[in-house]
Structure formats: C-alpha cells, structure tokens
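One structure is given below, encoded as structure tokens.
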Amino acid sequence: MTYSPNSFSDIGLPKTGPAQRIDFGATGRQRTRAMARPYDVAWLTPDNRARYDTVNAPALPVIESACANMARGAVVETEDGPVAVEDLIPGMRLMTSEYGPIPLQWIGSYEMSMRDAQTADRGTLFRVTADAFGLAKPSADLLLAPRSHILYRHSKCRALFGADLAFAPIRAFEDGVSVFSIQPASPIAVFNLGFDRQATIKVNGIELESFHPGPYAGSLHDDEVLSALLRLFPQARNLDFFGPQLINRLTAFEVRALREGT
C-alpha cells in the first residue's frame with residue numbers, strides 16, 4: 001500500500017514532526033507534554049473505496065498500540081492467498097476464523113524509530129520463531145508488537161469466560177528460546193488491521209486478534225485521548241463501530257497460571 005507523505009488530517013492538533021512535542025492534557029489542569037508522531041492510516045469508505053492519510057497524533061501507548069500488532073513482512077491470509085501486510089489494501093477480503101472472508105476496513109501503521117528502540121516499553125518487539133506453537137505455527141519467524149494477542153485455547157478458560165478460548169498477550173509466552181523480545185537495530189514499520197467487528201486473522205499461520213478497543217475503552221481514557229484515538233479511524237463516529245468484544249482477553253498473569261496449572 002502507498003501513502004501520501006504530504007497528506008495530513010486536520011485533527012485539531014498542531015502539525016508537528018515526530019521529534020517535536022505537543023500540549024496534551026485535560027482542560028483546566030496543568031498540561032503534560034506528549035511527543036507526537038505520524039501515523040499512516042487507510043480505510044474503506046461507505047462506497048467501497050480505499051482512502052489514505054497521515055495523521056500527526058500523540059505518541060501515547062493507547063494510540064501506538066492501536067497501530068501496532070505485527071511488523072513489516074508478516075504474511076496475512078486473504079481470500080486470494082497470502083499477502084504481506086504492507087501490501088494489503090482496504091476492501092481486500094481477509095480470512096477470519098469466525099466469519100470466513102470479510103472486507104478489511106482499516107489499516108494503521110507507524111515506523112518504530114531508533115528513538116523508540118532505546119526505550120524498553122516502546123521499542124520492543126517479540127520474535128516468534130517458526131513452529132513455536134506447533135507445526136507451521138508460525139510458518140516462518142514473525143515479529144509481533146508487545147500488545148499483540150494470539151488466540152489461546154485452554155479448557156480452563158471456560159471457568160473464566162464460559163468458553164474454551166481467549167486472546168492472550170504474546171509477552172506471556174516469552175521463554176527466551178522460541179518467543180523472545182528484541183529491540184530492532186534499525187527503524188521498522190509496524191501495522192494493525194481492523195474490521196467492523198472483533199475478528200481472528202491468520203498471520204504466518206498464527207491466529208491473531210484484529211484491532212478492537214475493548215469493552216471499557218470509552219471510560220478508561222479522557223475525552224482528549226479518545227478524540228485523538230478516533231482521528232485514526234475516519235470511518236468510525238465512535239468506538240461502537242467495532243462492535244462488542246465477543247472473545248475475552250487474558251492477562252499475562254492469567255496465561256502463566258493456566259499454563260502452570262495453578
């Protein structure tokens with residue numbers, strides 16, 4: 001996919017470069033200053049046309065994680081076969097575990113810079129080696145963002161959620177051998193994919209959660225953060241666009257407890 005580097009959305013924030021700072025805080029309180037970065041977004045319009053833009057928005061975890069699931073080079077299963085994530089276009093029909101092929105509604109992306117790589121919380125990726133979760137799961141090494149969630153099947157999930165599966169954070173499986181954290185030695189683009197519902201997509205043979213804000217996103221962030229987040233989704237008037245969260249998420253602690261049988 002190709003973005004126009006000179007196209008910016010009017011998001012009500014100063015147009016700044018990735019190394020500059022912008023005021024960002026609740027009205028009436030002392031303002032904190034958050035770094036801004038450019039986010040590339042692509043979305044499907046109601047008349048089924050792909051649109052592209054670059055949005056300058058705060059480099060806050062809730063916004064960065066919306067655009068960070070997998071790194072460039074990840075291969076996504078589509079109705080017409082495997083396609084590299086960087087080559088996807090809104091409207092392409094991606095294979096999902098729940099619904100079969102459905103149209104891709106949104107793509108978010110940003111470049112993880114060398115500045116990010118110097119910070120453990122923002123510059124870390126997880127390398128999942130081939131066959132880490134079984135034969136061809138993944139089919140080749142895969143780089144995932146820290147907040148990526150994979151579909152985890154375990155009978156004890158039923159006691160928690162009433163179903164034998166849940167999404168689990170990839171960091172819960174870090175063992176230093178088949179799943180381990182790395183800090184890239186050069187800038188790398190990260191991507192996330194979204195639909196009009198929560199869905200499970202196949203990436204290098206691994207089942208990953210698509211973008212979904214979660215059931216409590218609207219109450220966990222102040223109005224300014226929510227406004228900045230929604231600017232990344234021109235097709236959505238509010239977070240209800242993404243539908244209910246049908247598959248629950250486990251914490252890293254819960255995953256480890258299930259795996260250890262405690």
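Residue numbers (the UniProt record's numbering): 1 to 262.
Virtual Cβ for every residue (Gly too), placed ideally from N, Cα, C.
These numbers come from a predicted model, not from an experiment.
Assuming residue i contacts residue j (C-beta within less than 8 Å), just tell me the rounded distance between them.
i	j	result
H149	F167	4 Å
Q245	G214	6 Å
F126	V179	6 Å
L143	A59	The pair is not a contact, with the Cβ atoms about 20 Å apart (cut-off 8 Å).
Q198	H212	4 Å
G91	N48	6 Å
Please report how far the alpha carbon of residue i lies from the alpha carbon of residue j, in whole angstroms.
i	j	result
E254	A57	33 Å
R171	D141	16 Å
N238	L230	7 Å
C67	R37	12 Å
D164	H154	5 Å
V190	F161	31 Å
V55	E207	29 Å
L135	G205	9 Å
P82	A74	10 Å
G261	Y152	15 Å
Y52	W43	7 Å
L193	S181	22 Å
S65	S210	12 Å
K137	A50	31 Å
I247	E98	11 Å
T129	A84	18 Å
G28	A257	Low confidence applies here, because G28 scores a pLDDT of 46, under 50, leaving its location unreliable and the question unanswered by this model.
D131	R147	21 Å
V203	D80	14 Å
K156	R249	14 Å
S109	F195	15 Å
V177	D116	24 Å
S113	M35	13 Å
D240	F233	12 Å
P169	S139	19 Å
A228	A185	30 Å
E174	D223	35 Å
Note the first and the last residue of the continuous beta strand (DSSP E) segment covering residue i.
i	result
R256	Careful: R256 lies outside any beta strand (DSSP E), inside the alpha helix (DSSP H) at A252 to E260.
E77	V75 to T78
L208	I206 to E209
L160	Here L160 belongs to no beta strand (DSSP E); instead the alpha helix (DSSP H) covers C157 to F161.
N56	A50 to P58
L144	L142 to L144
E111	W106 to M112
R127	L125 to V128
CB residue i to CB residue j, shorter than 8 Å?
i	j	result
N69	A145	yes
E111	P187	yes
I201	T45	no
T124	Q183	yes
L88	I107	yes
V225	V41	no
E77	L104	no
Identify the continuous alpha helix (DSSP H) that holds residue i and give its terminal residues.
i	result
L135	Element bounds for L135: n/a, residue is neither H nor E.
S65	P61 to A66
V225	D223 to L230
A84	From DSSP, A84 is part of no alpha helix (DSSP H) but of the beta strand (DSSP E) over G81 to A84.
Put residue i into one of helix, strand or coil per three-state DSSP.
i	result
P90	coil
S181	strand
I170	helix
F242	helix
D196	coil
R37	strand
R249	strand
R147	coil
R72	coil
Verify the CB distance criterion: does residue i have a CB-CB separation below 8 Å to chain B?
i	result
I188	Looking at the structure shown, chain B is missing, and only one protein chain is on hand.
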